[in-house]
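At position 88 of the sequence shown the residue is numbered 88 (the UniProt record's numbering), and the sequence of numbers has no breaks.
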Amino acid sequence: KMSTSRNNSNAFGGPGALSIHVTDAETSAENGRKFTKYKVEVQHGDHEWELWKRYKDFYNFNEKVGPNLRRVRSELKLPGKRLLGDSFEPEFILKRQRGLNDYVQQIISLPQLINMPETIDFFGLNSTQNQSSTKSSNPPSTTTTKNDEEDTNNQVCLLMFL
């Protein structure tokens with residue numbers, strides 16, 4: 001488990017209204033296959049929640065928004081895939097976590113991107129409107145897609161806590 005500190009730059013809808021940071025990484029195994037998931041902490045108004053996303057989730061999100069925002073996409077810097085070596089080395093995981101946090105900061109600094117439905121869904125921003133408490137430990141939804149037998153990276157593991 002690795003953590004980095006949060007800095008409170010970037011806001012949406014006024015100072016402090018939106019804060020999103022990739023703050024932790026955890027390597028797990030499911031069905032004998034290892035994967036790393038990254039903790040994304042979101043604060044939107046009075047609501048706070050965390051999401052656990054895999055690199056593949058960020059990669060797919062980047063591919064989804066790319067065709068709509070060609071000019072903006074060239075500014076987005078998603079950390080690269082590891083081609084050689086062990087992708088579970090603590091040093092690599094920490095570097096990727098920091099890169100994902102930088103990527104998220106780029107996203108929330110671009111109004112044309114943060115307002116897209118794909119972005120709102122990715123960070124669970126549409127779920128805050130119906131919450132009665134400021135922080136809850138009950139997950140409103142859990143999405144799990146089964147592992148593709150040929151490629152561990154096709155597994156999507158998303159846990160959202162509101």
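For glycine and all other residues, C-beta sits at the position ideal for the given N, C-alpha and C. A quick note: this is a predicted structure, and the numbers were derived from the prediction, not measured.
**OP:** Along the beta strand (DSSP E) that carries K53, what are the first and last residues, could you check?
**Re:** 47-54 is the extent of the beta strand (DSSP E) around K53.
Original post:
In terms of DSSP beta bridges, what is S19 paired with?
Top reply: Q43, per the DSSP bridge assignment.
Subject >> Environment of N101 [buried if 16+ CB atoms lie within 10 Å] >> reply: Residue environment: N101 is assigned as buried (16 or more neighbouring CB atoms within 10 Å of its CB, all protein chains considered).
Original post:
With a CB to CB cut of under 6 angstroms and the five nearest residues on each side skipped, what residues in its chain are close to N7?
Top reply: Residue placement at N7 cannot be trusted, given a pLDDT of 42 that sits under 50; what the coordinates show is reported in the next sentence. Hits under 6 angstroms: none found.
**OP:** Tell me whether the beta-carbon of T27 lies closer than 7 angstroms to the beta-carbon of E41.
**Re:** Taking 7 angstroms as the cut-off, the Cβ atoms of T27 and E41 do not count as close.
Original post:
residue 247 and K39: beta carbons closer than 7 angstroms?
Top reply: Look at the range of the chain in this structure, 1 to 162, and you will see that residue 247 is not part of it.
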